[in-house]
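As structure tokens, the structure follows; a few thoughts come after it.
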Amino acid sequence: MTALLRRDLKLAVRAGGGFGLGLAFFLIVTVLVPFGVGPQSELLSRIAPGILWLGALLACLLSLDRLLALDWEDGTLDLLATSPLPLEAALSIKALAHWITTGLPLVLAAPVLGILLNLPTAGYGWLVLSLLLGTPALSVIGTFGAALTVGVKRGGLLMSLLVLPLYVPTLIFGAEAARRGATGMDPLTPLLMLAGITAGVVAIMPFASAAALRVNLR
Amino acid sequence: MTLTIRDLCVARGGLPVLQGLSFTLAPGQALILRGPNGSGKTTLLRTLAGLQPPLAGQIDGAEEQIAYAAHSDGLKAMLSVRENLTFWADVFGQTDIAPALDAFALTPLIDRLAGTLSAGQKRRLGLARLLVTGRSIWMLDEPTVSLDVDAVAQFAAAVRAHLRAGGAALIATHIDLGLESEVLDVTPFRATQDTRAGASDEAFL
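So the protein lines, in turn, are chains A and B. Position 215 (the first sequence) corresponds to 205 in our numbering; numbering is contiguous. To get our numbering, take the position in the second sequence, counting from 1, and add 18.
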């Protein structure tokens, strides 16, 4: 299992691996929003938690397309499915690799980009914490979407449509936790809900993903 | 471990392609699959490898025993020959990749990226993967595509060594590998019209 994780991380940072794509998209969104909204620092600090969460979510979505498609094209998925590694474990590892290469950089970049959006000082810690709790769910749900649409030519559109509604609860509670933190309210309830969603999908989704992938490999 | 197939019926896209297929594959035995394009050789191999369920029939002795090699080799262009092989060895719980490199003369290429190899060299690397799986039954789908004469000889030698070590091989191929093997022609087992009608529901499930 560590072999698969190491390979995925290695592939991500080598040429053409797509590492940094999500990060660049996140940067572009948060840099451009102030230009679009105009120079109203109060409005910006009010919408900052929501914009940062939305940017992170879309950045995550952007890289899901490649999560399984590359392994499908070169036959690796067939061979993995016949290996001693259970497909559920393989997909969990791939989701973890996706989170390390996409979700984690977003979490680390968010406070820096928060400055651009005039995020209130009290909000930084809660923003990072909510993203840290929420982004693993985005990767795991995304793996399910990728497993459902693997093998479909230009399946990215279909996958986005399938995955977006599943992302809604994570976005609601994540952005709410960050917003409450930024405005000095108690963010504990949405944070607990967010952590619950993440724990739930991490436990259940790999089985759904593996089942979907088995059907697609036939 | 002997692989026993009884009255197997395999389907592709919900339509049965082969039916009533029975054979056994004992340790040390190689079986060559023949049949025209589209006769179901690949579907049979995929079913035996566990990638798709059979429509009917029994497969015994295949659990965790099969190393499958398809048309595509599962290689990563941005990883070196060594990294590609080591990855598959790790996945199958093996550590030594040297015999596999030797068998297919890949040692001089060990630090080249797989993306820079020629088609034949990629194929050799894909076949070397079989040696690092440690599995006893090889299921090979057109293994000699894009191999030159020397490489085919290397491959035949690797299969012979595998058989001597008590392994077995099921090979779909059109060329003569010079192995002492039985030939199974799948043409007589092609599914007939009425079994097609009976199983057409699957496409709608």
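In this text, a Cβ means the ideal position worked out from N, Cα and C, and glycines have one as well. No experiment lies behind these values; they were computed from the predicted model shown.
Whole-number beta carbon distance between residue j and residue i, since they are thought to touch under 8 Å
i	j	result
B/Leu36	B/Leu62	6 Å
B/Leu103	B/Ile115	5 Å
A/Gly65	B/Gly92	4 Å
A/Leu182	A/Thr160	Going by Cβ atoms, the distance from A/Leu182 to A/Thr160 rounds to 14 Å, so no, they are not a contact pair.
A/Pro39	A/Gly115	Going by Cβ atoms, the distance from A/Pro39 to A/Gly115 rounds to 12 Å, so no, they are not a contact pair.
B/Arg141	B/Leu165	6 Å
A/Pro209	A/Trp89	Chain A is shown only over -9 to 208; residue 209 of chain A falls outside these bounds and no answer can be derived.
A/Leu(-1)	A/Leu103	That pair is no contact at about 24 Å.
B/Leu158	B/Ala209	At roughly 24 Å, the Cβ-Cβ gap does not stay under 8 Å, so B/Leu158 and B/Ala209 are not in contact.
A/Ala99	A/Leu117	Not confirmed; about 11 Å, so no contact.
Residue i at chain A interface by Cβ criterion, 7 Å
i	result
B/Ala67	yes
B/Ala88	yes
B/Phe122	no
B/Phe105	yes
B/Phe222	With a pLDDT of only 46 at B/Phe222, under 50, the local geometry of the prediction cannot be trusted, and the value read off the model is given with reservation. So no, B/Phe222 is outside the interface.
Spatial neighbours of residue i in its chain, beta-carbon cut-off 6 Å, leaving aside the 5 residues before and after
i	result
A/Ser31	Asn108
A/Ala200	Leu77, Glu78 and Leu81
A/Pro110	Ser35 and Ala172
B/Gln47	Ala186
B/Gln76	Arg24
A/Asp282	There is no way to answer for residue 282 of chain A, as the model of chain A reaches only from -9 to 208.
A/Ala2	Phe9 and Thr91
B/Gly152	Phe110 and Gln112
Cβ neighbours of residue i in the same chain (closer than 7 Å, five flanking residues each side left out)
i	result
A/Ser150	Leu51
B/Thr65	Val28 and Pro72
A/Leu148	Thr139 and Val142
A/Val21	Leu106
B/Phe222	No answer about B/Phe222 holds up, because its pLDDT of 46 lies below 50 and its placement is not dependable.
A/Leu57	Lys84, His88, Gly132, Thr133 and Ala136
Per-residue contacts from residue i into chain B (C-beta, under 7 Å)
i	result
A/Thr66	Gly92
A/Arg144	Within 7 Å Cβ-Cβ: nothing; A/Arg144 doesn't reach chain B, min ~20 Å.
CB contact below 7 Å: residue i versus chain B
i	result
A/Ser73	yes
A/Ala193	no
A/Arg56	no
Neighbouring residues, chain A, relative to residue i (Cβ below 8 Å)
i	result
B/Val225	In the structure as shown, chain B begins at 19 and stops at 223. Residue 225 of chain B is therefore absent and cannot be evaluated.
Contacts of residue i in chain B (Cβ-Cβ under 9 Å)
i	result
A/Leu207	Arg64, Leu69 and Gln70
Cβ shell of residue i (< 8 Å), same chain only, five flanking positions each side left out
i	result
B/Ile193	Thr162 and Val170
B/Gly138	Ser164, Leu165, Asp166 and Ala169
Neighbour list for residue i in chain B, Cβ cutoff strictly below 8 Å
i	result
A/Arg36	What A/Arg36 touches in chain B: nothing, since even the nearest Cβ is about 44 Å away.
A/Arg170	Simply none; closest approach about 43 Å.
Chain A residues whose Cβ lies nearer than 7 Å to that of residue i
i	result
B/Glu82	Pro74
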